[in-house]
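Heads up, the thing below is written out as structure tokens.
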Amino acid sequence: MSDYPFFFTWSAQNAVKPIELAGGEGAWFTTADGARWLDLGALAYQVNVGHGNRRIVEAIKRQADALCVSTANAVFPAKVELARKLLALAGPGFSKVFFTLGGAEANENALKIARLVTGRLKNIARYRSYHGASMGALSLTGDWRRAAVEPGLPGVIHVQDCYCDRCPFGQRVETCKRECATNIGDVMRLEGSRSVAAVFLEPVPGANGVMVPPPEYWPIVRAACDAEGTLLVADEVLTGFGRTGRAFAHHHWGVVPDMITVTKGLSSDYATIGAVIVHERIAQHFDERVLACGLTYYAHPVACAAALETLAVYEDEHMFENSARLGPILLRELDAVAARLAVKTFVRGLGLLAALEVEASPAAWAKLGSELSARRLSLHVDGKRGTAIFSPPLCITEDELVSGVRAFGDAAVAAFGAR
Ligand SMILES: Cc1ncc(COP(=O)(O)O)c(C=O)c1O
């Protein structure tokens, strides 16, 4: 039995070997034993702003002093200002924000809003996706985490992924007709014309492997949704706030979704907050009709202040631009790692979100884990999916990134063998 009086998540309790976090600064965190780790994963993809940011800590303190408790339908300056900032970041046409505590709740409320607006019961999501651990969000989720609690919400249809390195349609990206995207329209029609409420997509799937879509993918899905009166939800929980080099990843493809769900980088996890950012064409439905959604901890003052200051830090320190600038360097360094390895690999990424996919045995993946720990490198290593995913804080310097990925390369050579 684990000695700790609480559960660890997504794990058999006896298998967990937790790290004891003690603090951190920038791209580094420290553990209670005094060790300093380079955080190439932004913990759980969320510390976009970096560790130990004093500006955010001070903003939290100021807000706690001024107003620490509120209630859902009360207003105060940080709440109003944060909503305005989020709408501005989302771009023209977005008019309302629904606040939540995290990503699962954001998708949960987007599901409800889609049902309330369209009156339809079906939804589409992809297999290689994660949308959160609550029952509705987990029903949308396509990966192994859904199977554990099935059956979930009725009416969720899963479709194949945009996975160019291993195309589920047997195509090559140079010659394909974007079957992964057109298939979504086909499935909508086959499910019964005008029966799908919403399509939920991560603009770039995160934990499931960073499969960056070709430029036509999102426009094709948007057109299919328009033809069916179906809403398009961009789950930007992981990809939002500069992770891919733009405020939101869907901005790369010039498509306007109907709702955007966010958390993680919103406050960089300095406090608990998420949101659904809603387009005017959806929001206006509730001008005269009841929005049957609500939470006790809706827009907590301390979380609003933390998020507001996080957004200001991104802007003042040009962190989205840093992500865009360092993205090609990250890919270059990962290509160099791949060239050192004896095994089959794929490298893909956008901004400071990238994956190295490796065909290797479970034992080799376990060895990679211990080689990385020995080097005090933290990132997302997933032997089941065969991926190592990089998502460092957006404040990382070029030197830190390059030396970190090179050290990762040494660990990978030790685990997978040299070419
Ligand atoms: C794309 C995506 N959506 C939703 C979630 C769920 O967010 P939360 O854990 O805050 O509920 C996650 C969490 O990792 C995610 O990566």
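The sequence shown begins at -12 in the working numbering and counts up one residue at a time.
Heads up, the beta-carbon is just placed ideally off N, CA and C, and yes, glycines get one too.
- In the DSSP assignment, W15 falls within the beta strand (DSSP E) that extends over W15 to T18.
- At a Cβ-Cβ threshold of 9 Å, N35 and K354 do not count as neighbours.
- Distance from the C-beta of A124 to the nearest heavy atom of ligand 1 is below 8 Å.
- Taking every protein chain shown into account, the CB of V3 has fewer than 16 other CB atoms within 10 angstroms, so this residue is exposed.
- Residue state for D274 is assigned as coil, using DSSP reduced to three classes.
- Taking G370 as reference, the option from V62, T231, A341 and F403 with the minimal CA-CA separation is F403.
- Using a Cβ distance threshold of 9 Å, V368 and G356 count as a contacting pair.
- Between G78 and H238, the C-beta gap is smaller than 9 Å, which places the two residues in contact.
- Under the 10 Å beta carbon count, D386 is surrounded by fewer than 16 other beta carbons and is classified as exposed.
- In this structure, the C-beta of Y32 approaches ligand 1 to less than 8 Å from one of its heavy atoms.
- The straight-line gap separating the alpha-carbon atoms of G142 and L108 is approximately 6 Å.
- Assignment of beta-bridge partners to F(-7) by DSSP yields no partner.
- In terms of Cβ geometry, V242 and L218 do not form a close pair [threshold 9 Å].
- For R113, the uninterrupted beta strand (DSSP E) run begins and ends at K109 to R113, by DSSP.
- For A342, the enclosing beta strand (DSSP E) has its first and last residue at L340 to V345.
- Rounded to whole angstroms, the Cβ separation of L313 and L388 is 6 Å, and the two are in contact under 8 Å.
- At a cut-off of 8 Å, the beta-carbon of G336 does not count as near ligand 1: no heavy atom of the ligand is closer than that.
- D148 sits away from C163, with the two beta carbons spaced by 9 Å or more.
- Residue range W131 to A134 is occupied by the alpha helix (DSSP H) that includes W131.
- At a Cβ-Cβ threshold of 9 Å, E92 and G129 do not count as neighbours.
- Within the same chain, A91 and E95 come within 6 Å of S121 by CB-CB distance, once the 5 residues on both sides are set aside.
- The Cβ atoms of V56 and P380 lie no closer than 9 Å to each other.
- Excluding its 5 nearest sequence neighbours in each direction, A101 has C-beta neighbours in its own chain below 6 Å: A184, A185 and L218, listed in chain order.
- R71 and G13 have their C-alpha atoms roughly 28 Å apart.
- With contacts defined as CB atoms closer than 9 Å, A9 and T18 qualify as a contacting pair.
- Assigned with DSSP and collapsed to three states, E12 falls in strand.
- By the CB criterion at 9 Å, A341 and F307 fall outside the cutoff.
- For V104, the uninterrupted alpha helix (DSSP H) run begins and ends at G90 to T105, by DSSP.
- In the DSSP annotation of this structure, the continuous segment of the beta strand (DSSP E) that includes K83 starts and ends at F81 to T87.
- The residue among V136, S365, D20 and V330 with its C-alpha nearest the C-alpha of V400 is V330.
- Between S348 and the set S365, G373 and L359, the nearest pair of CA atoms involves G373.
- With respect to the 9 Å criterion, L343 and A398 are not classified as neighbours on the basis of their beta carbons.
- Close CB contacts of S82 within its chain, under the 6 Å cut and outside five residues either way in sequence, are with E267 and A270 (chain order).
- With 16 or more other CB atoms across the displayed protein chains lying within 10 angstroms of its CB, N170 is buried.
- Of all alpha-carbon atoms in T384, A361, I383 and G396, the one lying nearest the alpha-carbon of A22 is that of A361.
- Boundaries of the beta strand (DSSP E) harbouring L337: T332 to L337, taken from the DSSP string.
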